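There are 4 protein chains.
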Amino acid sequence: MTFQYHPEIAKLGAAHLVTPDLDKSLWFFHEIIGLEITARTENKVYLRAAMEHEHHSLVLEAGDRARLDHVSWRVRRPEDLEGFHTILTENGNEVLVEAPNREDGYGESLRLQMPSGHKLRLYYDVDKPGVAEADRSVLLNQRYKSWNRGIGVRRIDHVNLWTTHDTEPQHEWLTQNLGFKLREYIQTPAGRLGGWLSVTPLVHDMGLMKAGPLETTPARMHHLAFWLDNAADVLRAADIVVEAGIKPDMGPGKHGVSQAFFLYVRDPGSGHRVEIFSNGYLIFDPDWEPVEWGAEDAALALTMWGPTDYVPHTDDNIMNTTTEA
Amino acid sequence: MTFQYHPEIAKLGAAHLVTPDLDKSLWFFHEIIGLEITARTENKVYLRAAMEHEHHSLVLEAGDRARLDHVSWRVRRPEDLEGFHTILTENGNEVLVEAPNREDGYGESLRLQMPSGHKLRLYYDVDKPGVAEADRSVLLNQRYKSWNRGIGVRRIDHVNLWTTHDTEPQHEWLTQNLGFKLREYIQTPAGRLGGWLSVTPLVHDMGLMKAGPLETTPARMHHLAFWLDNAADVLRAADIVVEAGIKPDMGPGKHGVSQAFFLYVRDPGSGHRVEIFSNGYLIFDPDWEPVEWGAEDAALALTMWGPTDYVPHTDDNIMNTTTEA
Amino acid sequence: MTFQYHPEIAKLGAAHLVTPDLDKSLWFFHEIIGLEITARTENKVYLRAAMEHEHHSLVLEAGDRARLDHVSWRVRRPEDLEGFHTILTENGNEVLVEAPNREDGYGESLRLQMPSGHKLRLYYDVDKPGVAEADRSVLLNQRYKSWNRGIGVRRIDHVNLWTTHDTEPQHEWLTQNLGFKLREYIQTPAGRLGGWLSVTPLVHDMGLMKAGPLETTPARMHHLAFWLDNAADVLRAADIVVEAGIKPDMGPGKHGVSQAFFLYVRDPGSGHRVEIFSNGYLIFDPDWEPVEWGAEDAALALTMWGPTDYVPHTDDNIMNTTTEA
Amino acid sequence: MTFQYHPEIAKLGAAHLVTPDLDKSLWFFHEIIGLEITARTENKVYLRAAMEHEHHSLVLEAGDRARLDHVSWRVRRPEDLEGFHTILTENGNEVLVEAPNREDGYGESLRLQMPSGHKLRLYYDVDKPGVAEADRSVLLNQRYKSWNRGIGVRRIDHVNLWTTHDTEPQHEWLTQNLGFKLREYIQTPAGRLGGWLSVTPLVHDMGLMKAGPLETTPARMHHLAFWLDNAADVLRAADIVVEAGIKPDMGPGKHGVSQAFFLYVRDPGSGHRVEIFSNGYLIFDPDWEPVEWGAEDAALALTMWGPTDYVPHTDDNIMNTTTEA
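Protein chains in written order, with our numbering: chain A, 166 to 490; chain B, 166 to 490; chain C, 166 to 490; chain D, 166 to 490.
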């Protein structure tokens, strides 16, 4: 029996962030967030979390200003790179094939761009470095010891992007080109406020929201999220952040959408916002109907309980809600 | 482009349990575990958890003795029923096509049997009943109010089966016929103690363990598991169970395999064991290498910390470790 | 050896609240907060929490408008009633001796008033009613089953009062007349914003804060607090409140002062604010130096992390920050 | 008005433990338990927890074999040292007055011995050293940063002693000489299995249990307990202990007596048992009736849920249940 082939994305791989203060950003992500370092070059550091096997889930690169360089995604099968190349170019997207250089642990990869301007990368082949004896978990199904340092996040979870464009066509582009499924969205008379999409049973591997009316930069990253197993761990994270002299950005609280228990914190080296989160729910139903929240439900969708506003930042180097992509 | 077609199972659907004391079992699963009732017939009750959309994730049926009747699984696409029918019969398995009768909310389904004797059922079409206003969650992505009653489990998670046969051929049968992936296993010189397999990013949708040496019944159910969002919720569950006059069977504790934080409790109406659990981890890597725990790691694999033995039961109606399938 | 005698308060007993909608207030405190009912009259209901032995820790009384009638305190020894009577009258306070009537379970008691106008009551003798078999905990050191209903608070914790008067003389009055110890306070150039005082190792059995500049009513209750064992229990409380159709007032979050993890919710029948809280710390040092937070520390003192503002209420029956005493 | 004077103990101060492997014990208490070091001499290390103001709550002293040297207690008022001296000598106890030497931060203190042979010490005057800037909490009511290292216990909680003597006379001795109040006890036909006593609202500042029938050493320490704010923190502690290569001794689980959520772990340098615990309840009632658990309640009293046995230790240096006093 033969069948129509669909290439698939298996998972979010990594976010590549540029920071104007690499030392401070590294302190934040390594000592406070608790990511482990797997590789370094002159101007880049590669990090991953305790449960992660791949080369990295975060790249920090020194640069003039804070921005999201790109988000990488792992495809399900080696042949899916070619499969996506075909679909993307047939749909009129420009795709660049990048040869493996192994500095970042990736084999061949595809570089592409969303209509919103956000840059993505697809890969299959990736190095999975081991862990030094002293840091290795006693558990055979885990890389680093639990609670090795700082907040001790378990894995990358999702990325949330902001655009000045209408979001609905972006969501459709993600569905038609990359196989994302829309899971929840907020629809108002003024347009779609945002959508949460995934390729896995997570409610979102990617969120894509409408930027505020005063925003002029077309593509931004709202936040990068890391997972903890328990809401209680997020509360501990809030203590650690404040003890480190950092004022949390928003939270803790619970979103209606995705039911995530969240804490938002900003890297003091770059202003990049990080979500420390837990709970939420999983979607196993193959015929899941996207949950529509109307204008009258939007407040509940964004905040079931907890704070509804971000703490204002006055530092000129830190834009108030997002960092540029 | 064409491609080799593989039917897929999307998720665990439900466990169908027979109980000699339907009233007491219903009290346990409804009032204590906190499942909601969606339908009743003269000798059966259908239940589901707060996050579940399908008609039921548990059937309780009155009968002479406690046993697992069968476990049902939802396939990913409607055509996967035919796809599995083809593969299963080509591989020499007997498959019975059952017409929809809608009492249980299912459309057409397939009945089959594992070599171990455990009975399975595959379906795609299923009713998704609504919820009465008074019980409905304010959240649009959830059916019933959170914490509506008792422990308030969120969803079914997995089933764990015991066999007197060698487990390795059973694991292979599940892989070759139903597309399960082996995620972790314990391998000793005396054979494979057990394996944890899944069709989703959960570490296991099904566990299949070797029965103890004195066991003569070939096929048993070790436990049926329900999910809670936090380890703290499992501790609250332990309080509720004891306040209800039930002595927990084992736990709380943490398995090395799957990193599940567990509490085992037995339905006083039937002796069926239920696992209340949280934490654990998800597998998104498409090339996950099954984790092998050797004989020297077996103790850690079974219990990272917490109790290692079940509380002995003296009630003649309750077998000590498992109920028959 | 003889010694200067000091009468002592042993503990907070109860808050007596008047509500314009007794049915709705009773629903809130019984079904949602989870207090148990010990007695009822035509216009009053007496309630207590699972861990409490005394007749009640809350009185709800039907009345024209929401107000705090009085707060009662248990003295350490029977003779302390006379001891306090002597001290209070020597210090020029009016004290009324109330004969036991047993409707409220109290023996003889003293009625008095703070200079701020808040009314207090002192008692020693109190009924300790039993619990019906069905509701009784299996634990011999606890009255009702844990998690019997709703949020399931464990015990009353403290009361927080607001005054338009300078707070410092009020704190001194509490210290000199009733033996309260000042544990923490916020001191600004404009005066003392508030103080937290206790007669037990809790950081506060009573908080006494300066009302906002627009406030004209001299004596108000800011909130009444109930204890839960874990921060995770407070998060569950937030779910329950929202599922019951109530918008939380503020939180969850963590105060710097007292390190309390808090959630504020208002009784929809009266507007009385309730704090659901956990964590915090205990003071065993007999020579504890009151912790002074200056103007520059006030933000941290009030909120270590979490929200800093109350949700505005538009209901005319509900004053925005406090209910009158 | 004059009054009969009673000296009072305000709180547990510290446990002084002797260890045959000071380096390993220090690693355990500093890096894993998370106590901070305040002073060192050639053969002693002084430690305290994040919330503690006094010079130390634990002394580790190098010695030939593991033993509890003594437990120190802070009296409520300076004159209580003389008050206790009078009572103790009048009751026929030998009391040694020790001059301050300030190595251990204590002023004048009293040395005495229980009839069971356990050694106690009373003090009032004590140094309260500050904290280096880098380690200091942002909170003015706390010494060290929260979650500074390891498990990060918050404060010492209680000590649990074992005796081969009848326990009832020991409990009476504690009540008559030192003002302890009996809070809960287990009474069987064979005698009193144990009692939990306190001078504070904690259910026990000291537990005193009957040693097993094979025990010949008259006085032992069963465990020393440290407090955490949440049950979830105790679960994290279990992870940390196992990741450090230590097998927990018992737990997690919940005692019926005191409702403590517990995890027992043994210092690998000495075999001294430490309880990491949370939850429990407070007693504010001045007329608390001691809770009696009969023989038929003893199992529930010891374990409401969780494990009931200690993990056997085979190391010759580690006695199986207790270390000698």
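Yeah, the Cβ is synthetic: ideal placement off N, Cα and C, and Gly gets one too. Bear in mind that the values here come from a model prediction, so they are computed numbers and not experimental data.
Where residue i and residue j are concerned, what is the direct C-alpha to C-alpha distance, given to the nearest angstrom?
i: residue 280 of chain B; j: residue 414 of chain B; result: 29 Å
i: residue 196 of chain C; j: residue 175 of chain C; result: 29 Å
i: residue 408 of chain C; j: residue 269 of chain B; result: 29 Å
i: residue 434 of chain A; j: residue 228 of chain A; result: 11 Å
i: residue 459 of chain D; j: residue 467 of chain D; result: 12 Å
i: residue 372 of chain C; j: residue 322 of chain C; result: 11 Å
i: residue 396 of chain B; j: residue 420 of chain A; result: 20 Å
i: residue 391 of chain A; j: residue 306 of chain A; result: 19 Å
i: residue 416 of chain B; j: residue 470 of chain B; result: 10 Å
i: residue 478 of chain C; j: residue 455 of chain C; result: Residue placement at residue 478 of chain C cannot be trusted, given a pLDDT of 43 that sits under 50; the coordinates are not used to answer.
i: residue 190 of chain C; j: residue 210 of chain C; result: 10 Å
i: residue 387 of chain C; j: residue 327 of chain C; result: 6 Å
i: residue 308 of chain B; j: residue 220 of chain B; result: 12 Å
i: residue 422 of chain A; j: residue 337 of chain C; result: 49 Å
i: residue 394 of chain C; j: residue 449 of chain C; result: 19 Å
i: residue 264 of chain D; j: residue 248 of chain D; result: 17 Å
i: residue 325 of chain B; j: residue 389 of chain B; result: 6 Å
i: residue 402 of chain A; j: residue 356 of chain B; result: 43 Å
i: residue 340 of chain C; j: residue 255 of chain C; result: 15 Å
i: residue 485 of chain B; j: residue 431 of chain B; result: Note that residue 485 of chain B scores 39 on pLDDT, short of 50, meaning its location in the model is unreliable and no value can be drawn from it.
Residue i bridges to which residues according to DSSP?
i: residue 278 of chain A; result: A:284
i: residue 442 of chain D; result: D:392 and D:427
i: residue 356 of chain B; result: B:353
i: residue 266 of chain D; result: DSSP, once it has assigned bridges, lists no residue as partnering residue 266 of chain D.
i: residue 321 of chain C; result: C:391
i: residue 363 of chain A; result: A:346
i: residue 271 of chain A; result: A:291
i: residue 261 of chain A; result: A:276
List the endpoints of the continuous alpha helix (DSSP H) containing residue i.
i: residue 336 of chain A; result: 332-343
i: residue 382 of chain B; result: No alpha helix (DSSP H) holds residue 382 of chain B; DSSP gives it neither H nor E.
i: residue 247 of chain D; result: 245-255
i: residue 465 of chain C; result: 463-467
Would DSSP call residue i helix, strand or coil?
i: residue 184 of chain C; result: strand
i: residue 238 of chain B; result: strand
i: residue 175 of chain D; result: strand
i: residue 411 of chain D; result: coil
i: residue 202 of chain D; result: strand
i: residue 301 of chain D; result: strand
i: residue 484 of chain C; result: Any reading at residue 484 of chain C must be qualified, since the residue scores a pLDDT of 38, below 50, and its modelled position is unreliable; no value is offered.
i: residue 419 of chain D; result: strand
i: residue 401 of chain A; result: helix
i: residue 327 of chain D; result: strand
i: residue 192 of chain D; result: helix
Residue i lies in the beta strand (DSSP E); which residues open and close that run?
i: residue 227 of chain C; result: 223-227
i: residue 374 of chain C; result: 371-375
i: residue 212 of chain A; result: 209-213
i: residue 457 of chain C; result: 456-458
Taking contact to mean at least 3 C-beta pairs separated by less than 8 Å, is the stretch 284-298 of chain A in contact with the stretch 223-239 of chain A?
yes
Three or more beta-carbon pairs under 8 Å between the stretch 369-388 of chain C and the stretch 421-432 of chain D, yes or no?
no
Do three or more CB pairs link the stretch 209-219 of chain A to the stretch 310-321 of chain A at distances below 8 Å?
yes
With three or more beta-carbon pairs closer than 8 Å as the criterion, would you say the stretch 178-198 of chain B touches the stretch 431-451 of chain B?
yes
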